[in-house]
Each structure stands twice: as structure tokens, then as C-alpha cells.
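Novice: Residue numbers (our numbering): 73 to 194. Cβ atoms here follow ideal geometry from the backbone N, Cα and C, with glycine treated the same way. Right, I'll just put the structure down here and ask away after.
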Amino acid sequence: MSRKTGRPQNGRTTKPPIQPSGIVFALGMNVMLVTGAQLLVTFTALPLTAEALATFVGPVIAGVLTAVYVRERGGIHAFLGGVISVPILTYLVFGGYWQFGIFAGAFCGLAGSLMELVLRRR
């Protein structure tokens with residue numbers, strides 16, 4: 073790294089650091105939206121396909137909002153928040169069905185990564 077410019081000598085720009093607030097935002101949004109969708113499906117007595125849809129829609133919205141919130145490296149923030157939320161969602165929201173918890177965490181990270189690509193092109 074050059075002392076005068078603060079840039080690496082090879083001409084590449086450095087990536088901004090990971091923000092802990094972005095990870096907490098992804099975790100909170102994922103848990104909140106999945107819990108809300110699960111409660112909506114439970115109280116309206118919809119079939120299991122609606123529960124699977126709730127497992128998909130909440131994390132996708134959480135991932136997109138995380139990428140918009142942090143603006144840089146939204147995919148990794150959404151991924152880390154989604155991975156941390158897996159055990160919380162598995163045991164508190166889905167009653168021990170770990171498949172739904174893993175899908176919810178994965179969809180959060182995937183949506184954050186895709187939104188990061190969309191934001192980079194702008």
C-alpha cells in the first residue's frame with residue numbers, strides 16, 4: 073500500500089470492511105420477516121405449500137433490504153446474517169424442522185448477493 077495515496081500499489085481498490093451493524097440488520101430482518109410470515113401462515117390455516125412460500129419470501133426480502141442498507145458487500149452481510157439466523161429460526165420458528173431454517177438462511181444470502189450485483193451495475 074502506498075503511503076501517499078492510501079491505495080494498494082498494484083492499482084486495485086480495497087474492499088470496505090464488513091459492518092457488524094449490517095450483519096445484525098440481516099439477522100434481525102430475517103428472523104422478523106420469517107416469523108411474521110410463519111405466524112400469518114399458521115393463523116390463516118394455509119396448506120404446507122404456503123409455509124414453504126413463507127420460508128422463501130421473508131428471507132428474500134431480508135436479503136434485498138440488507139444489500140440496500142449496507143450498499144457495499146451486501147451479499148456477505150446477508151449471508152452471515154442468514155447463517156447466524158439458521159438455529160434461531162430452526163428451533164424458535166419452525167419447531168425443529170432444520171430444513172426450513174437452512175433454506176431461510178440460504179435464501180437471505182442468495183438474495184443479498186443478487187441485489188449486490190444489481191446495485192453494482194447502477
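Measuring CA to CA, which of G177, F151 and V140 is closest to A126?
Specialist: It is G177 whose Cα lies nearest to the Cα of A126.
Novice: Given a cut-off of 7 Å on the beta-carbon distance, is the pair I174 and L99 in contact?
Specialist: In this structure, L99 does not lie closer than 7 Å to I174 by Cβ.
Novice: Determine, using beta carbons only, whether V142 comes closer than 7 Å to chain C.
Specialist: Among the chains of the structure shown, chain C does not appear; only one protein chain is present.
Novice: With distance defined between alpha-carbon atoms, name the residue in Y169, R143, V165 and G168 nearest to R193.
Specialist: Of Y169, R143, V165 and G168, the residue nearest in Cα terms is R143.
Novice: For M187, count the other beta carbons within 10 Å of its own beta carbon; 16 or more makes it buried, fewer makes it exposed. Which is it?
Specialist: M187 is buried by the Cβ-count criterion.
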